[in-house]
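Asker: Below you will find the structure I want to go over with you.
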Amino acid sequence: MNFLGHLYFSSNDLELMYANLFGDFVKGKAMFDYPEKIQTGIQLHRSIDTYIDTHQEVRKLLKMLYPDLPKVSSVAVDLFFDHLLAVNWKNYHSTELLDFLEDFYAYQPENWPFYSEKFKSFIAVMRNRKWMNSYQMREGLEKSCSGVGSRISFPNLLHIAPQCFDRFYDEIYGCFENFMGDAKLHFGMNKL
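Residue 108 is where the sequence shown starts when you use the numbering used here, and the numbers rise one by one after that.
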């Protein structure tokens, strides 16, 4: 899952949402340098990443997509799943997606002073550009794929991922639904 999935699995806890996203910015045991709530978020982030990486249906999907998206099929699946979560948000959450995102953008974490400047800059751009607001639209998926692909340090085909999404839509959507059903149980989630 990408940003939206990580927020969703933070169980409506805004402080935890920020700490969860911070998980991409902290490596190894450095997590223990932070307050307990941030540690919990980093652990949740890692747990979500591990769960999706080891989910049997997702592994089959990655294998299917790999010939078209070598080295970036897992990144594509994260972006596909965030897009599908946004499109199907009402099936998973009782708050409208844009209201949920506005609550996230507007929140000022209590632990803000402990976050790195790099993370704070990332959050500022995310808030100002409202990245996730377009996730449910096709253009949002295209923009996510090209943007992430351009930031990867090696040549990649992530920019063609939306065409793969179209071609394998039934398989991707089926995998997403299976994953979400399993992940909701795994993380103790009900419709929020």
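Here a beta-carbon is modelled for each residue, glycine too, at the ideal position from N, C-alpha and C.
#1: How close, in whole Å, do the beta carbons of LEU248 and VAL255 come, if the pair is a contact with beta carbons under 8 Å?
#2: To test your reading of the DSSP string, which unbroken alpha helix (DSSP H) runs of 4 or more residues are found completely within the stretch 252 to 293?
#3: Can you give me the Cβ contacts of VAL179 inside the same chain, cut-off strictly under 6 Å, excluding the 5 residues immediately before and after it?
#4: Can the beta-carbon of HIS113 be found less than 7 Å from the beta-carbon of LEU128?
#5: Under a Cβ-count criterion, where at least 16 other Cβ atoms within 10 Å of its own Cβ denotes burial, should GLY148 be classed as buried or exposed?
#6: Suppose contacts are defined by Cβ-Cβ distances below 7 Å. Is CYS271 in contact with ASP175 by that definition?
#7: Compute the Euclidean distance between the alpha carbons of LEU121 and MET287, then round it to the nearest angstrom.
#8: Only counting runs of 4 or more residues, tell me where the alpha helix (DSSP H) segments fall wholly within the stretch 221 to 257, in order along the chain.
#9: Counting beta carbon pairs with one atom in the stretch 233 to 241 and one in the stretch 208 to 224, are three or more of them shorter than 8 Å?
#10: Take the Cβ of PHE116 as the centre, count every other Cβ of all protein chains shown within 10 Å, and call the residue buried at 16 or more, exposed below.
Answerer: So, from the listed chains and residues:
#1: Not really, about 11 Å apart at Cβ, beyond 8 Å.
#2: 268 to 274, 276 to 293
#3: ASN263, LEU265
#4: yes
#5: buried
#6: yes
#7: 21 Å
#8: Uninterrupted alpha helix (DSSP H) stretches at least 4 residues long and entirely within the stretch 221 to 257 occur at 224 to 236, given in chain order.
#9: yes
#10: buried
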